[in-house]
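Engineer: Please see the structure below; I have some questions.
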Amino acid sequence: MERRFDCTACGKCCTGWLPLTLDDALTHADRFPLFVIWSPLRQGGRSFDETARQGLTLKLKRGKKAAVRIYPASYIPPSMACSELTDDGLCRLHPNKPLRCRTMPFSAARDETDQTDLLIPKPGWLCDTSEEAAVVYQGKKVITRESFDLERHALEQDAEILVPYAEWLLESVPTLRPELMKVAMKPTGGHIVLNFTTLIPRMPKVDMYDFAAKQAPVLRTFAEKTANIPEFDEYHQRYNRYARELDRINN
């Protein structure tokens, strides 16, 4: 079965969390509010094997397992547009936009055979899936695959840092494993969100002071954007706490 898809640059997908490679996260530390997301997927879920390969496996109760994806992300409320999206729906970063954006609608974090649902536009999206659109997926294979392969390679490289980081943190923070297991057992799933600074000690080439100087103003900007909006309160509080932490680093 084949699937057709063309982007119409409607900008509708440019909202909410944006998973990033480590390189993209550090490149855009002066633009995006960066956090590390831990997303458990219970055994039997789609792309479980690929998630386990790129992440780690967590033992649950009664012999069950969860694969945990660990990734940096631009962490903004689901209904908030990306700060780099212009009023006419175009991207300010287009020539140098993150790999995640270039690979859309596909996702190299998922198995290549598990992409079909990503090619179905969400309500309100203006993606072209008509007969005039290009064939992009056939026989469960991505046809034009340069961006997909680049993202997959980047994620595999990132795993060499993110998996040891996750294992180290699970051993260092006694409450993290039970919390992650609790999230994994929820019927609807969930995530754990940690400050990006928890990752930097595992990246010796990254200057913590330089990162803090770039990231703190971004967090303050997003704290202002989310102030006094009840549905954004969790984000607002998290931005403020993290900004104060980074301010202490450079003071």
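This note's numbering applies: residue 1 is where the sequence shown begins, and numbers increase by one. Where a beta carbon is used, it is the ideal one built from N, C-alpha and C, also for glycine.
Give the straight-line distance between the Cα atoms of residue 241 and residue 210, rounded to the nearest whole angstrom.
Structural biologist: 19 Å
Engineer: From the DSSP output, in three-state form, read off residue 209 for me.
Structural biologist: helix
Engineer: CB-CB under 7 Å to residue 169, same chain, minus the five flanking residues each way: which ones, in chain order?
Structural biologist: 176, 198
Engineer: How many Å lie between residue 207 and residue 201 at the Cα?
Structural biologist: 10 Å
Engineer: Around the C-beta of residue 116, are 16 or more other C-beta atoms found within 10 angstroms, so that it is buried, or is it exposed?
Structural biologist: exposed
Engineer: May I ask you to list the residues that DSSP assigns as paired with residue 2?
Structural biologist: 138
Engineer: Taking buried to mean at least 16 other C-beta atoms within 10 Å of its own C-beta, is residue 7 buried or exposed?
Structural biologist: exposed
Engineer: What does a CB cutoff of less than 8 Å around residue 90 pick up in its chain, not counting 5 residues either side in sequence?
Structural biologist: 9, 11
Engineer: Inspect the beta-carbon positions of residue 119 and residue 129 and report whether they are closer than 8 Å.
Structural biologist: yes
Engineer: Within 10 Å of its beta-carbon, does residue 173 have 16 or more other beta-carbons around it, so buried, or fewer, so exposed?
Structural biologist: Exposed is the call here.
Engineer: Using CA coordinates, which residue listed in 35, 33, 41 is at the minimum distance from residue 183?
Structural biologist: 41
Engineer: Please name the residue in 186, 46, 80, 52 whose C-alpha comes closest to that of residue 18.
Structural biologist: 80
Engineer: Below 6 Å CB to CB, which residues in the same chain sit around residue 289 once its five sequence neighbours on both sides are set aside?
Structural biologist: Here the chain covers residues 1 to 251 and nothing more, so residue 289 does not appear.
Engineer: When you compare only the Cα positions, how much space is there between residue 55 and residue 178?
Structural biologist: 18 Å
Engineer: Verify whether the separation of the beta carbon atoms of residue 75 and residue 121 is less than 8 Å.
Structural biologist: no
Engineer: Once DSSP output is grouped into helix, strand and coil, what is the label at residue 73?
Structural biologist: strand
Engineer: Taking residue 317 and residue 205 to be in contact with their CB atoms under 8 Å, please state how far apart those CB atoms are, rounded to whole angstroms.
Structural biologist: Look at the range of the chain in this structure, 1 to 251, and you will see that residue 317 is not part of it.
Engineer: Can you give me the Cβ contacts of residue 152 inside the same chain, cut-off strictly under 8 Å, excluding the 5 residues immediately before and after it?
Structural biologist: 108
Engineer: So, residue 68 versus residue 58, is the Cβ gap smaller than 8 Å?
Structural biologist: yes
Engineer: How is residue 90 classed by DSSP in three states: helix, strand or coil?
Structural biologist: coil
Engineer: Between residue 31 and residue 193, is the Cβ-Cβ spacing less than 8 Å?
Structural biologist: no
Engineer: From residue 85 to residue 229, what does the alpha carbon distance come to, in whole angstroms?
Structural biologist: 21 Å
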